[in-house]
Every structure is written in C-alpha cells, then in structure tokens.
Amino acid sequence: MIVKDWCMFCGECAGVCPRNLIEVKEYSLVFNDEECKDCSTCVKVCPVTALEKD
Ligand code: SF4
Ligand code: SF4
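Anchor point for the sequence shown: position 43 equals 42 in numbering that gives the first Met the number 0, and the numbering is continuous, going up by one each time.
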C-alpha cells in the first residue's frame, strides 16, 4: 500500500480493516501486507484519498 504525503493519520483506515492489519503510529502507517486480502475497504474509507494500492 502506498500512503500519500497528505495522510493526516486520523486512523479511519485502521478502524475499518476487517483483518486489523493497519497500525497508526505518530507519523506513519504500518501495514501487515502479507495478510492483506486487497478488499480495498481502507482505500475507500480514507477521507482524503491518501491510500493507493501498489
Ligand atoms: S484514513 Fe487516510 S488520512 Fe486517515 S490514517 Fe488512513 S490513510 Fe491516513
Ligand atoms: S485492503 Fe482490506 S485487508 Fe488490506 S489493509 Fe486494507 S482494509 Fe485491510
């Protein structure tokens, strides 16, 4: 997952991941990519379109 510079670290994406794979740190997002099922729920919920699948 690519996180754009304008991410506000609001945690919305982390809150909706059905597999709980996103961890919000102070100035970064950590994805557990190996378990990601590419459902795109996190991409769709971001209010500022800061996530992109790589
Ligand atoms: S929902 Fe968007 S702005 Fe909020 S933490 Fe996730 S990627 Fe960043
Ligand atoms: S694509 Fe789906 S499974 Fe993967 S991190 Fe986003 S919400 Fe979680």
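Idealized CB from N, CA, C, for every residue including glycine.
Anyone know if the C-beta pair for residue i and residue j falls short of 8 Å?
| i | j | result |
| --- | --- | --- |
| Leu28 | Val47 | no |
| Glu9 | Cys41 | The question names Glu, yet the displayed sequence has Cys at residue 9. Their beta carbons are not under 8 Å apart, which means Cys9 does not touch Cys41 by this criterion. |
| Lys52 | Asp37 | yes |
If you reduce the DSSP assignment to three classes, tell me which class residue i lands in.
| i | result |
| --- | --- |
| Glu11 | helix |
| Glu33 | helix |
| Val47 | coil |
For residue i, is the beta carbon positioned less than 7 Å from some heavy atom of ligand 1?
| i | result |
| --- | --- |
| Val2 | yes |
| Pro17 | no |
| Val29 | no |
Got a sec: does ligand 2 put a non-hydrogen atom nearer than 7 Å to the Cβ of residue i?
| i | result |
| --- | --- |
| Ser39 | yes |
Take the Cβ of residue i as the centre, count every other Cβ of all protein chains shown within 10 Å, and call the residue buried at 16 or more, exposed below.
| i | result |
| --- | --- |
| Cys12 | buried |
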